[in-house]
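Here is the structure we will look at, set down as structure tokens.
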Amino acid sequence: MKQIVGGSLTRDEAGLRTNFVSDRDAAWYADLYRRDGLTGGHVIKLGPGNEETALSALAAWPGGLQVGGGIVPENAEQWIEVGASHVIVTSCLFDAEGKFLQQRLKDLVSAVGAERLVLDLSCRRVSGGWTVAMNKWQTLTELRVTEATLDMLAEHCAEFLVHAADVEGLCSGIDRELVELLGAWRRIPMTYAGGISRIQDFEEIDALSGGALDATVGSALDLFGGRLIRYADLVERQRGETGAEKA
Numbered sequence: 002m003k004q005i006v007g008g009s010l011t012r013d014e015a016g017l018r019t020n021f022v023s024d025r026d027a028a029w030y031a032d033l034y035r036r037d038g039l040t041g042g043h044v045i046k047l048g049p050g051n052e053e054t055a056l057s058a059l060a061a062w063p064g065g066l067q068v069g070g071g072i073v074p075e076n077a078e079q080w081i082e083v084g085a086s087h088v089i090v091t092s093c094l095f096d097a098e099g100k101f102l103q104q105r106l107k108d109l110v111s112a113v114g115a116e117r118l119v120l121d122l123s124c125r126r127v128s129g130g131w132t133v134a135m136n137k138w139q140t141l142t143e144l145r146v147t148e149a150t151l152d153m154l155a156e157h158c159a160e161f162l163v164h165a166a167d168v169e170g171l172c173s174g175i176d177r178e179l180v181e182l183l184g185a186w187r188r189i190p191m192t193y194a195g196g197i198s199r200i201q202d203f204e205e206i207d208a209l210s211g212g213a214l215d216a217t218v219g220s221a222l223d224l225f226g227g228r229l230i231r232y233a234d235l236v237e238r239q240r241g242e243t244g245a246e247k248a
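Quick note, the numbering used here runs 1 ahead of the 1-based positions in the sequence shown.
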């Protein structure tokens, strides 16, 4: 299991930066989340050859984890059958140039149902706002992150996952403007990721979003080699609230 700097992803991985390489496998982390009662964690297959690892994690916490990476209509149902609570998709919703493919979304809904589908709208900042990015966040698509986009997609999924790709993995602070934008829209659950570097960031996300957003953290967490946030503190916070964070 690796913890990478998401913002360093490139097409050929030449500039990829790794924060942490664990000596424990994905199943160990999944079992930890199960024992601590944390649901909705993300198992992301970054490239080929990760299927067995993902399967082991889902077996350790059946129904407790979402899976993404290489999900298409043809295999989505299989991942639900082996224990994923939801499948997460981005790139398969677009053609090579970033044009949105409405039929692909309909095919995914037909395969697993909107209630099992998480749309990853991870984005990069552009002039006037944010644009959904695919292919390891290197290709900007035609979809802007706006209330109109969220309204259009909400009927077809259970949740949105939004990484602020420009600050992802840097532990340099959250994208406050993006959090405010997302928090103003409240039709279905949404999880924000990117830049979290201290436990107080969760309070700030709650304040900026009016409590509308969940949040996920990676690089800053001691569980993944970070030194800024203790996993035990997040578990304690989670137990004091209902659904405030995800692993």
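Ideal placement from N, C-alpha and C gives every residue a C-beta, glycine not left out.
Might you give, ordered along the chain, the residues of its own chain that have their beta carbon closer than 8 Å to the beta carbon of residue i, omitting 5 neighbours on each side?
{"i": "arginine 199", "result": "Ala221, Leu229 and Ile230"}
{"i": "valine 83", "result": "Leu56, Leu59 and Ala60"}
Beta strand (DSSP E) containing residue i: first to last residue?
{"i": "tryptophan 131", "result": "130-135"}
{"i": "alanine 216", "result": "215-217"}
With 16 as the cutoff for other CB atoms within 10 Å, does residue i come out buried or exposed?
{"i": "proline 49", "result": "exposed"}
{"i": "leucine 102", "result": "exposed"}
{"i": "lysine 137", "result": "buried"}
{"i": "aspartate 202", "result": "buried"}
{"i": "glutamine 139", "result": "exposed"}
{"i": "alanine 233", "result": "exposed"}
{"i": "glutamate 204", "result": "exposed"}
{"i": "glutamine 104", "result": "exposed"}
{"i": "glycine 64", "result": "exposed"}
In the DSSP assignment, find the unbroken alpha helix (DSSP H) run with residue i in it and report its ends.
{"i": "aspartate 202", "result": "201-210"}
{"i": "leucine 109", "result": "103-113"}
{"i": "isoleucine 89", "result": "Not the alpha helix (DSSP H): isoleucine 89 falls in the beta strand (DSSP E), residues 87-90."}
{"i": "alanine 77", "result": "77-82"}
From the DSSP output, in three-state form, read off residue i for me.
{"i": "leucine 144", "result": "strand"}
{"i": "threonine 150", "result": "helix"}
{"i": "alanine 165", "result": "strand"}
{"i": "aspartate 176", "result": "coil"}
{"i": "leucine 171", "result": "coil"}
{"i": "glutamate 246", "result": "Low per-residue confidence applies at glutamate 246: pLDDT is 45, beneath 50, and the placement is therefore not dependable, though the value from the model is reported in the following sentence. DSSP places glutamate 246 in strand when its eight states are reduced to three."}
{"i": "isoleucine 160", "result": "Per the sequence presented here, residue 160 reads as glutamate, with isoleucine not at that position. Three-state result, glutamate 160: strand."}
{"i": "leucine 120", "result": "strand"}
{"i": "leucine 183", "result": "helix"}
Take residue i and list the residues in its own chain whose beta-carbon comes closer than 6 Å to its own, dropping the five residues that flank it on each side.
{"i": "aspartate 37", "result": "Val236"}
{"i": "alanine 213", "result": "Gly184 and Arg187"}
Is any heavy atom in the ligand FMN found nearer than 7 Å to the beta carbon of residue i?
{"i": "leucine 39", "result": "As far as ligands go, the structure on display features none, and thus does not contain the ligand FMN."}
Near residue i, what residues of its chain come up, given a Cβ to Cβ distance below 7 Å and the 5 sequence neighbours on each side ignored?
{"i": "aspartate 96", "result": "Leu102"}
{"i": "leucine 209", "result": "Arg177, Val180, Glu181 and Gly184"}
Please give me, in chain order, every unbroken run of the beta strand (DSSP E) with length at least 3 that falls completely inside the segment 25-72. The qualifying runs are 42-45 and 66-69.
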